[in-house]
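Peer 1: Below is the structure I would like to discuss, written out as structure tokens.
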Amino acid sequence: MQKTRTLTDKVLLLLKGLAMGAANKVPGVSGGVVAFVAGFYEEFIYSLQKINLKAFKLLINGRFRSLYQYVNGRFMGLLILGMVISYFSVSKILDYLLLHYEVYVWAAFFGMIVGSIYYISKDFDEWSRRSIIFVTLGVICGIAISFLEPAKQNDNLFFVFFCGMISVSGMTLPGLSGSFVLILLGNYVLLLVDSVNALYDTMADLLIFDFSFIHNDERIRLLQVLIVFSAGSLAGLVSLSHLLGYVLKHYRKDTFAYIIGFITGSLGVVWPWKEKIFKTDEAGGILYDRMGNAIIDNYDRYMPDFDAAQTWLGIFFIITGIFIVLGLAWYEKRSSRL
1 MQKTRTLTDK
11 VLLLLKGLAM
21 GAANKVPGVS
31 GGVVAFVAGF
41 YEEFIYSLQK
51 INLKAFKLLI
61 NGRFRSLYQY
71 VNGRFMGLLI
81 LGMVISYFSV
91 SKILDYLLLH
101 YEVYVWAAFF
111 GMIVGSIYYI
121 SKDFDEWSRR
131 SIIFVTLGVI
141 CGIAISFLEP
151 AKQNDNLFFV
161 FFCGMISVSG
171 MTLPGLSGSF
181 VLILLGNYVL
191 LLVDSVNALY
201 DTMADLLIFD
211 FSFIHNDERI
221 RLLQVLIVFS
231 AGSLAGLVSL
241 SHLLGYVLKH
251 YRKDTFAYII
261 GFITGSLGVV
271 WPWKEKIFKT
281 DEAGGILYDR
291 MGNAIIDNYD
301 RYMPDFDAAQ
311 TWLGIFFIIT
321 GIFIVLGLAW
331 YEKRSSRL
């Protein structure tokens with residue numbers, strides 16, 4: 001499914017990578033939705049399918065040019081570059097906005113997902129009884145996940161590997177946030193805060209040739225956890241892409257109907273008016289990450305006060321989010337016709 005791309009197409013793909021990277025970082029928002037609405041979801045899934053035994057053989061044999069072409073390297077390279085740039089730029093801005101204008105950011109995300117649902121369902125070519133059943137199943141699953149209570153933290157390496165496989169779903173399955181899944185599994189702090197901090201500390205030690213960390217049992221355990229989590233994420237990315245590639249090929253309409261329903265059902269996760277529930281220690285004190293940010297354990301959703309100016313501003317940003325998605329979709333279609 002490789003495509004010939006102009007310079008404009010490459011720049012747009014890089015920007016889509018930026019958007020996908022920013023979405024993946026926020027608990028409750030799925031990068032897969034960006035891929036789905038922006039029109040490169042199927043190419044993304046089929047490109048991930050190329051990470052297989054044949055690709056490994058090409059790598060071992062040093063046939064890098066063939067490997068680059070086989071895995072759709074130009075597409076994946078631009079997309080990954082956009083995600084990396086996003087981590088050091090757009091996502092940092094997003095962190096600031098979430099800290100100071102949280103309701104408005106969530107409102108914009110909520111509106112963008114509502115706009116995405118409208119845009120995707122509008123172009124769905126057939127609403128048969130079968131399609132309606134799959135939409136309903138998707139809605140039920142999305143609602144069920146959004147109201148689950150978080151489990152207890154578990155550092156068993158088999159469970160950590162499972163967490164890696166499941167968490168990567170935010171990139172491949174629209175509507176399912178990998179970060180939010182880790183919160184539900186109880187391992188968000190362990191895998192995205194503690195183990196990452198352990199890696200940061202280890203790298204800092206290595207730069208000054210300090211190897212004393214090898215005697216730190218807790219550090220070594222966290223590094224083991226991070227390695228197993230990364231392996232699980234890679235395994236999940238490859239295996240889930242093959243599964244999705246299969247169902248897209250053989251059950252395309254059913255898959256799209258389910259995705260539409262799932263995104264709709266998971267809207268509760270990005271509901272703008274919610275109160276954060278923070279992770280606490282045994283003494284009841286709030287836990288913080290390395291950057292000094294309180295660690296989120298879950299959300300308590302509530303209805304807004306419609307007399308408040310903040311609420312009307314939130315509604316304004318919901319509408320703005322809807323029009324952003326519809327405007328980008330219109331531009332995408334217009335560009336493809338030229």
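So in this note's numbering, spot 334 of the sequence shown is number 334, and the numbers just go up one at a time. All C-beta atoms in this analysis are idealised placements derived from N, C-alpha and C, irrespective of residue type, glycine included. Because the structure is a prediction, the values reported are computed rather than measured.
Where in the segment 77 to 113 do unbroken runs of the alpha helix (DSSP H), each at least 4 residues long, occur, reported from the N-terminal end onward?
Peer 2: 90 to 100
Peer 1: Around the C-beta of Lys-54, are 16 or more other C-beta atoms found within 10 angstroms, so that it is buried, or is it exposed?
Peer 2: Counting from 1 along the sequence shown, the entry for residue 54 is found at position 54. With fewer than 16 Cβ atoms within 10 Å of its Cβ, Lys-54 is classed as exposed.
Peer 1: If you run the structure through DSSP and keep just helix, strand and coil, what is Asp-9?
Peer 2: The sequence position of residue 9 within the sequence shown is 9, counting from 1. Taken through DSSP and simplified to helix, strand or coil, Asp-9 comes out as helix.
Peer 1: Buried or exposed for Met-399, please, with buried defined as at least 16 other CB atoms from any protein chain shown within 10 angstroms of its CB.
Peer 2: Lying before the first or after the last residue shown, residue 399 is absent from the chain, which here runs from 1 to 338.
Peer 1: Give the straight-line distance between the Cα atoms of Asp-416 and Gly-142, rounded to the nearest whole angstrom.
Peer 2: Look at the range of the chain in this structure, 1 to 338, and you will see that residue 416 is not part of it.
Peer 1: Taking the alpha carbon of Val-11 as the point to measure from, which residue in Leu-79, Ile-60, Lys-57 has its own alpha carbon closest?
Peer 2: Working through the sequence shown from its first residue, we reach residue 11 at position 11. The option with the nearest alpha carbon to Val-11 is Leu-79.
Peer 1: Let me know the secondary structure DSSP gives Glu-275 once reduced to three states.
Peer 2: Here residue 275 refers to the residue found at position 275 of the sequence shown. DSSP places Glu-275 in strand when its eight states are reduced to three.
Peer 1: Using 9 Å as the threshold, is the C-beta distance between Met-165 and Ser-239 below it?
Peer 2: Translated into positions along the sequence shown, residue 165 becomes position 165. Translated into positions along the sequence shown, residue 239 becomes position 239. The answer is yes: Cβ separation under 9 Å.
Peer 1: Using DSSP bridges, identify the partner residues of Thr-280.
Peer 2: Position 280 of the sequence shown holds residue 280. In the DSSP output, where bridge partners are listed per residue, Thr-280 has Ile-286.
Peer 1: Have a look at Arg-219, Ile-60, Ser-89, Ile-183 and flag the residue whose alpha-carbon is nearest the alpha-carbon of Val-196.
Peer 2: Locating residue 196 in the sequence shown gives position 196, counting from the first residue. Of the candidates Arg-219, Ile-60, Ser-89, Ile-183, the one whose C-alpha sits nearest the C-alpha of Val-196 is Arg-219.
Peer 1: Roughly how many angstroms lie between the CA atoms of Asn-156 and Leu-248, to the nearest whole one?
Peer 2: As a working mapping, residue 156 is identified with position 156 in the sequence shown. As a working mapping, residue 248 is identified with position 248 in the sequence shown. Going from the Cα of Asn-156 to the Cα of Leu-248 covers about 34 Å.
Peer 1: Compute the Euclidean distance between the alpha carbons of Gly-376 and Gly-73, then round it to the nearest angstrom.
Peer 2: The requested residue 376 is not part of the displayed model; the chain covers only 1 to 338.
Peer 1: Looking only at DSSP bridge pairs, what is Asp-300 linked to?
Peer 2: Working through the sequence shown from its first residue, we reach residue 300 at position 300. According to DSSP, Asp-300 bridges with Glu-275.
Peer 1: Going by DSSP, what residue range makes up the alpha helix (DSSP H) through Gly-236?
Peer 2: In the sequence shown, counting from the first residue as 1, residue 236 sits at position 236. 217 to 250 is the span of the alpha helix (DSSP H), which, as asked, contains Gly-236.
Peer 1: Less than 9 Å separating the beta-carbons of Phe-262 and Val-139?
Peer 2: Translated into positions along the sequence shown, residue 262 becomes position 262. Translated into positions along the sequence shown, residue 139 becomes position 139. In this structure, Val-139 lies closer than 9 Å to Phe-262 by Cβ.
Peer 1: Which whole-angstrom value describes the C-beta separation of Gly-32 and Phe-147, a residue pair presumed to lie in contact below a C-beta threshold of 8 Å?
Peer 2: Numbered from its first residue, the sequence shown carries residue 32 at position 32. Numbered from its first residue, the sequence shown carries residue 147 at position 147. Contact flag wrong, Cβ pair sits at about 21 Å.
Peer 1: So for Ala-204, helix, strand or coil by DSSP?
Peer 2: Stepping through the sequence shown from its first residue, residue 204 is reached at position 204. Of the three classes helix, strand and coil, the one that applies to Ala-204 here is helix, per DSSP.
Peer 1: Assuming contact is defined by CB atoms lying nearer than 9 Å, are Met-303 and Trp-330 in contact in what I supplied?
Peer 2: Counted from its first residue, the sequence shown places residue 303 at position 303. Counted from its first residue, the sequence shown places residue 330 at position 330. Taking 9 Å as the Cβ cut-off, Met-303 and Trp-330 do not qualify as a contacting pair.
Peer 1: Mapping DSSP to helix, strand and coil, what is Asp-194?
Peer 2: As a working note, residue 194 is residue 194 in the sequence shown. Residue state, collapsed to three classes: helix.
Peer 1: Cβ atoms of Phe-110 and Gly-321: under 9 Å apart, would you say?
Peer 2: To locate residue 321, count along the sequence shown from 1; it is residue 321. To locate residue 110, count along the sequence shown from 1; it is residue 110. For Gly-321 and Phe-110, yes; Cβs fall inside 9 Å.
Peer 1: Would you call the segment 103 to 120 and the segment 35 to 50 touching, i.e. three or more CB-CB distances under 8 Å?
Peer 2: yes
Peer 1: When you compare the CB positions of Asn-52 and His-242, do they come within less than 9 Å of one another, or not?
Peer 2: The residue you call residue 52 lines up with position 52 of the sequence shown. The residue you call residue 242 lines up with position 242 of the sequence shown. Yes, the Cβ-Cβ distance between Asn-52 and His-242 is below 9 Å.
Peer 1: Where Asn-154 and Phe-161 are concerned, what is the direct C-alpha to C-alpha distance, given to the nearest angstrom?
Peer 2: Position 154 of the sequence shown, counted from the first residue, corresponds to residue 154. Position 161 of the sequence shown, counted from the first residue, corresponds to residue 161. Near 11 Å, if we compare the C-alpha coordinates of Phe-161 and Asn-154.
Peer 1: Output the boundary residues of the alpha helix (DSSP H) element that contains Val-135.
Peer 2: Locating residue 135 in the sequence shown gives position 135, where the first residue counts as 1. Looking at the DSSP string, the run of the alpha helix (DSSP H) that includes Val-135 is 129 to 146.
Peer 1: Report yes if the CB atom of Ile-319 is closer than 9 Å to the CB atom of Ser-121, and no otherwise.
Peer 2: For this step, residue 319 is matched to residue 319 along the sequence shown. For this step, residue 121 is matched to residue 121 along the sequence shown. Going by C-beta atoms, Ile-319 is not nearer than 9 Å to Ser-121.
Peer 1: Work out the CA separation of Thr-202 and Thr-8 for me, nearest whole Å.
Peer 2: Numbered from 1 along the sequence shown, position 8 holds the residue referred to as residue 8. Numbered from 1 along the sequence shown, position 202 holds the residue referred to as residue 202. Taking the straight line from one Cα to the other gives about 41 Å.
Peer 1: Using 8 Å for Cβ pairs, my map puts Phe-317 next to Ala-108. What's the rounded Cβ distance?
Peer 2: Taking the sequence shown and counting its residues from 1, one reaches residue 317 at position 317. Taking the sequence shown and counting its residues from 1, one reaches residue 108 at position 108. Yes, they are in contact, since the Cβ atoms of Phe-317 and Ala-108 sit about 5 Å apart, within 8 Å.
Peer 1: Would you call the CB atoms of Leu-81 and Leu-67 closer than 9 Å?
Peer 2: As a first step, residue 81 is located in the sequence shown; it is residue number 81 there, counting from the start. As a first step, residue 67 is located in the sequence shown; it is residue number 67 there, counting from the start. Their beta carbons are not under 9 Å apart, which means Leu-81 does not touch Leu-67 by this criterion.
Peer 1: Considering just the uninterrupted stretch of the alpha helix (DSSP H) at Ser-179, what are its terminal residues?
Peer 2: In the sequence shown, counting from the first residue as 1, residue 179 sits at position 179. Element bounds for Ser-179: 178 to 185.
Peer 1: From Asp-281 to Ala-151, what does the alpha carbon distance come to, in whole angstroms?
Peer 2: Within the sequence shown, residue 281 is the residue found at index 281, counting from 1. Within the sequence shown, residue 151 is the residue found at index 151, counting from 1. Approximately 15 Å, taken between the alpha carbons.
Peer 1: Identify the continuous alpha helix (DSSP H) that holds Leu-267 and give its terminal residues.
Peer 2: In the sequence shown, residue 267 corresponds to position 267, counting from 1. Neither: Leu-267 is in no alpha helix (DSSP H) and is coded neither H nor E.
Peer 1: Among residues of its own chain, excluding the 5 on either side of Ser-86, which ones have a beta-carbon nearer than 6 Å to its beta-carbon?
Peer 2: For this step, residue 86 is matched to residue 86 along the sequence shown. Here the set comprises Leu-18, Gly-21, Ala-22.
Peer 1: CB-CB under 7 Å to Leu-182, same chain, minus the five flanking residues each way: which ones, in chain order?
Peer 2: As a first step, residue 182 is located in the sequence shown; it is residue number 182 there, counting from the start. Taking C-beta separations shorter than 7 Å and ignoring five residues to either side along the sequence, the partners of Leu-182 in its chain run Cys-163, Ser-167, Tyr-188, Leu-191, Leu-192, following chain order.
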